[in-house]
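Listed in order, the protein sequences are those of chains E and Z. Numbered by the working numbering, the letters in the first sequence go through residues 1 to 100 in order. Numbered by the working numbering, the letters in the second sequence go through residues 1001 to 1625 in order. Here a beta-carbon is modelled for each residue, glycine too, at the ideal position from N, C-alpha and C. Right, one structure below, let's go through it.
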Amino acid sequence: MISIGSFLTVGILLFVIGLAGVLFWRNLLILLMSIEIMLNGINLLFVAYAAKWQHLDGQIFALFVMLVTAAEVAVALALAFAVFKRKGNIDVSQLNRLNG
Amino acid sequence: MISLLPWFVLFFPLLSVLIITLFTLRHPRASAAVSIAACAASFVLVLPLIGPGLAASHGGAPVTHRVPWLSVGGLEIGMGVHVDGLTVFMLLVVTLIGLLIHIYSTGYMHGDKGFSRYFAFMSLFMFSMLGIVLADNFIQIFIFWELVGLSSYLLIGFWYEKTAASDAGKKAFLVNRVGDFGFVLGILLVFYATGTVNFQEVMTGLAGGHFATVPLFAAAVLVFTGAVAKSAQFPLHVWLPDAMEGPTPVSALIHAATMVAAGVYLLARTFPLFAAEPQALLIVAYIGGFTALFAATVAVVQNDIKRVLAYSTLSQLGYMVMGIGAGSMTAGMFHLTTHACFKALLFLGAGSVIHAVHSQDIWDMGGLFKRMPITSWTFLIGSLALAGIPPFAGFFSKDEVLAAASHYPVLYLLGTATAFLTAFYVARLFTVAFLGKPRQQVHAHESPKVMTVPLMILAALSAVTGWLGAGMPIPFIFASDTGFGSFVHSGHPHAPEFHYSVMIISALVAVAGAAFGYLVYGRGALDPARVKDRAWVLYVVLVKKYFMDEFYGWLVSAVQQGWARLCAWFDRQVLIGTFVNGLAAITRWSGDKTRRLQTGQLHAALLIMGGGAAALLLVLLLGGN
């Protein structure tokens, strides 16, 4: 039996790795992948706690997250494609036209 | 079903309006026929109402009928008719004089391109006026009150190509709005004080005497404001002389005999409200008395025949209001009845003269007696009635007013002075316009029969209606020996009273005034031009009508416009300049200072978001303990 602590460690690690990717990469695709990693880290925590407390809410929530993620990826990839068509690259640091 | 009869009286003229506007606008003769038929039908239907209506003045039940119209909260408003002695006399005045003037109009308006429109408006007026007379509650009377205002506006501005006519219509409408505003407030206060708008319920409640006093005083004064505007009392009288721009039969019907008397009728209808508030009644009396003398002095110097009659109307309306204010509703209504006859006669006579000489200036007339015998004789009878020479109508009714006023020395003096001036300006008008040598350019000739026959009927009425008040029987028409006061009264019927001293003084004053006027203008006993030169200040003041129009002009252009400019300045500088623009400036300044936060860099935004989320988490974790 793997203790809940291990799940916690792995989940938080995944989340932080994803966060670091989001914050430090300029490539839009890697950014999106990092977001996926963060979400998966969260999902792991949901499922682990659902198992620990014998409660289905966490599992259902994890399913919803996957569902929304799938939709989000579809939109996000389309956006990335559109950015590439306009700019010729997918560097997020060049998407700065919303400055004040 | 006699109680349904008043509805037919009311709706025949409306039917005529519909028929004329929908079908006969292009057929002048048909329009006139429809309009006159409607008027005649109303008059005929009034006749069976006389008996029951007069019986109501002797304790019988009035003829009433009402249908529910709307109910809001505790307020039930119905549309109803109420016929008692007071209503009967008004109905007779309105329908009979209306009928005569309709017939006269076919001659006077002959060939006018708005002939059909004219009769549609006249029928609309008849409908509205009958609505006022028959109304059984404040809301209904107010609706018809506005409708007579509308038809008055339409008929004053009937020749709308003339700037003066359309301006006069607007002036009449606007001045009446001032009074109507007060009237609305008065109705609201009546409802506030009594909880009902029905005349009978208000009066019954007043008889019980369990209403708070202060709102009732204000309500009475405000209701009177409505009457002040409609009956052209000082200071809202300025519209009536200008209203003479309308066709002369309109002046006769609306601006002399009936509509302007609606204010007096309103006072009579709501008399118990005033009787419960002696202070309000005094205000009414003094306004009326002042208007009577004020207008009579202006009438003395007018040269336009219709303007002389218009100021005379103002003055006589002042008499009626004064009579009611002095506590005798009977006197006021009696003078209304006789005045309607002789003033309609005088206006129609003036119309006949204008028709013949194509001028309204009395100095363009003269020597009409031989050329227009019927007009001249009937005009003479009307003049004698107006001057108050016995035994013509005006003498009796003026006498009743003066008798009522004799309890108040100031009012009595005002009334007697007015009686003298009235006789004087009537004598001046008649002497200059009808006697002496002809001064007109065109050859004047007598008017057609459709115009002279109504004149003769009105002359007969002007001669005899006064006897009604004295309790004398009128041959062929009225056999009773009970006076007007037994039919139209507040409280209980009363027999005619004779105040011989008042009567003799008023007769002497009238004869003196008339003789003086004749001597000055007919015999040259005194040269008016020299008097004019000697007392030129007075003359200018009178010719300028006490500068009332100038005063109102100043009031609008200086005071009201100044106030408007002040409001505009306050709005622009304070409200917009300080508050609205100030708020906008603050928003813009703060936005300008904080816009650097938005770099547009995704990573910066994410860092702030992440940092913020971490900070929140920290707060939650620390606060949790």
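{"query": "Gly-1466(Z), buried or exposed, once every other Cβ within 10 Å from all chains shown has been counted against 16", "result": "buried"}
{"query": "9 Å Cβ cutoff met for Leu-1075(Z) and Thr-1196(Z)", "result": "yes"}
{"query": "Proximity test, Cβ basis, 9 Å: Thr-1599(Z) and chain E", "result": "yes"}
{"query": "Where the alpha helix (DSSP H) through His-1255(Z) begins and ends", "result": "Element bounds for His-1255(Z): n/a, residue is neither H nor E."}
{"query": "Cβ-Cβ separation, Ala-1404(Z) to Gly-1323(Z) (assumed contact under 8 Å), whole Å", "result": "5 Å"}
{"query": "Exposed unless 16 or more other CB atoms sit within 10 angstroms - verdict on Arg-1523(Z)", "result": "exposed"}
{"query": "Whole-number beta carbon distance between Gly-1415(Z) and Ala-1512(Z), since they are thought to touch under 8 Å", "result": "Incorrect: roughly 15 Å between the Cβ atoms, too far for contact."}
{"query": "is_contact[Arg-86(E), chain Z] using C-beta, thresh 9 Å", "result": "no"}
{"query": "Runs of beta strand (DSSP E) lying entirely within the segment 1299–1384 of chain Z, each at least 3 residues, in chain order", "result": "none"}
{"query": "The segment 1149–1161 of chain Z in contact with the segment 1039–1049 of chain Z per 3-pair CB rule at 8 Å", "result": "no"}
{"query": "Cβ neighbour criterion (16 or more within 10 Å) applied to His-1355(Z)", "result": "buried"}
{"query": "Helix, strand or coil at Arg-97(E) [DSSP, three-state]", "result": "coil"}
{"query": "Whole-angstrom C-beta distance between Ile-1187(Z) and Phe-1224(Z), which should lie under 8 Å", "result": "Going by Cβ atoms, the distance from Phe-1224(Z) to Ile-1187(Z) rounds to 12 Å, so no, they are not a contact pair."}
{"query": "At least 3 beta-carbon pairs within less than 8 Å: the segment 1386–1406 of chain Z vs the segment 1449–1456 of chain Z", "result": "no"}
{"query": "Leu-1236(Z), DSSP secondary structure in three states", "result": "coil"}
{"query": "6 Å Cβ shell around Gln-1316(Z) - same chain, five flanking residues per side excluded", "result": "His-1339"}
{"query": "Endpoints, the beta strand (DSSP E) within which Leu-1413(Z) is located", "result": "From DSSP, Leu-1413(Z) is part of no beta strand (DSSP E) but of the alpha helix (DSSP H) over 1409–1434."}
{"query": "Coarse secondary structure for Ile-42(E), derived from DSSP in three states", "result": "helix"}
{"query": "Closer than 7 Å at the beta carbon, the chain Z residues around Val-22(E)", "result": "Leu-1606"}
{"query": "Bridge-paired residues (DSSP) for Met-66(E)", "result": "For Met-66(E), which the question treats as bridged, DSSP gives no partner whatsoever."}
{"query": "Reduced DSSP secondary structure (H/G/I, E/B, other) of Leu-1070(Z)", "result": "strand"}
{"query": "For His-1110(Z), the first and last residue of its enclosing alpha helix (DSSP H)", "result": "Taken as a continuous stretch (DSSP letters only), His-1110(Z) belongs to no alpha helix (DSSP H), as it is neither H nor E."}
{"query": "Delimiting residues of the alpha helix (DSSP H) encompassing Leu-1025(Z)", "result": "Note, Leu-1025(Z): premise wrong, no alpha helix (DSSP H); not H, not E."}
{"query": "Whole-angstrom distance between Phe-1434(Z) and Pro-1249(Z), CA atom to CA atom", "result": "20 Å"}
{"query": "Leu-1602(Z): contacting residues in chain E (beta-carbon distance under 7 Å)", "result": "Val-92 and Leu-95"}
{"query": "CB contact below 9 Å: Gly-1612(Z) versus chain E", "result": "no"}
{"query": "Beta-carbon proximity list for Asn-1176(Z), same chain, < 6 Å, skipping 5 on both sides", "result": "Gly-1149 and Ala-1229"}
{"query": "Extent of the continuous beta strand (DSSP E) to which Glu-1076(Z) belongs", "result": "1075–1083"}
{"query": "Neighbour list for Asn-99(E) in chain Z, Cβ cutoff strictly below 7 Å", "result": "Gln-1598, Thr-1599 and Gly-1600"}
{"query": "Residues that His-1065(Z) bridges to, as DSSP identifies them", "result": "Val-1081(Z)"}
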